[in-house]
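The next block holds one structure in the form of structure tokens; read it before the comments.
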Amino acid sequence: MIPKQNMDRLFSRLLKERRAVLPPILERDYVQAWILVGVGNSGLKERLAFKGGTALKKIYIPEYRFSADLDFTYINSEQREEVLPSLKKEFESLYVYLEKEANLRCISNPDRDEKGEESFTFYINYSGPLGSSIHKRDIKINITFGEVIVCGIQEKPILRNYEEYSDLPTSAKLLVYTVEEIFVEKLCCILDSARHEPRDIYDLWHLVNEGIVEPESIRGEFPRKAEHKKLKILDFGEVLERKEKTYKKLWEVSLKSQVPGGSIPYFNKVYRDIQRVFKTIV
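Numbering (our numbering), first residue to last: 10 to 291.
This is the structure in structure tokens:
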């Protein structure tokens, strides 16, 4: 594990560069990276595909926004109840690996386990470079089962986002969603009427605005993913409109602490751009 001085130095450097976030967020980012290294060096590597906004930062875009969660899809055919015991055992072994390789202490908190219809969520408590109690810091892990992959997965190296993460191996690799698959998944998140996360439209906007994803390229894949999730793509405009007020209300509160330097685009511009994106793919 890197010393606290590395965290202090990283925070000072990012502050000088106007890209700072709070030290506990940097610490969580560092621990997330080590957990991913652990996954990549265990039997979990062949069973889990990394996805979501955190995958954008840890695999594809080094300077991207920070995230609180690690999201995975279970890619084998077994049912959730069949594999949960072995998955839990693999994560317990991962904690042993982290303590041995990084002197990083992690434990699961089974009291907070959650079983969704096709998912399993649990929390990993940790004690990182800042030295806080292991019971005061946690990372949410979400594993989805029964997903359909429409744009593909690939093996990619885990980024060492900052030079101050000096003990982080650069050789570890993971199976991860392609950026197009992440994009399609984010479109489906907007269609989910129960979900109101501003980061979903921020991620879509960034991928298009930076030329990372061409919306037209997933025109055929989006309907397939939506159909699997029992979502209707023709409802997209209506659902987006219903969520506009909530997105706008939560925009700065939700994103400012995640984006380096708190520099986020104006909500109205992002919202209009996403409306235009929808028109190009339906």
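Glycine is no exception: its CB is placed at the ideal position from the N, C-alpha and C atoms.
Give the secondary structure of residue i by DSSP, where H, G and I count as helix, E and B as strand, and everything else as coil.
i	result
A111	helix
K182	strand
F81	strand
I34	helix
S117	strand
Could you tell me the boundaries of the alpha helix (DSSP H) in which residue i lies?
i	result
T255	245 to 264
K60	Per DSSP, K60 belongs to no alpha helix (DSSP H); it is in the beta strand (DSSP E), 57 to 60.
Rounded to whole angstroms, what's the CA-CA distance from residue i to residue j? Just pull it up for me.
i	j	result
P232	A64	23 Å
F287	G246	8 Å
L196	K67	21 Å
S95	N218	41 Å
F129	A181	25 Å
P12	L243	52 Å
N277	A111	44 Å
E36	E26	19 Å
In the DSSP assignment, find the beta strand (DSSP E) that holds residue i and state where it starts and stops.
i	result
K292	The displayed coordinates of the chain run from 10 to 291. Any statement about residue 292 would go beyond what the structure contains.
L240	No beta strand (DSSP E) holds L240; DSSP gives it neither H nor E.
Taking the alpha-carbon of residue i as reference, which of the options has the nearest alpha-carbon?
i	options	result
I167	G220, V291, G49	G49
F20	L31, M10, P12	L31
G270	D17, A29, I152	A29
L240	S202, Y256, E219	S202
Q88	E108, K124, G62, D80	K124
K165	G155, T153, V185	V185
H205	E250, S272, S175	E250
A42	R56, G52, L23, D80	D80
D282	E189, E253, K265	E253
S102	G52, P178, L183, R18	G52
**Request:** Kindly provide the ranges of any beta strand (DSSP E) runs that are 3 or more residues long and lie completely inside the segment 121 to 177, ordered along the chain.
**Result:** 128 to 136, 147 to 153, 162 to 166
**Asked** Enumerated in chain order, which unbroken segments of the alpha helix (DSSP H) with a length of 4 residues or greater are wholly contained in the segment 194 to 226?
**Response** Segments of the alpha helix (DSSP H) lying fully in the segment 194 to 226: 207 to 218.
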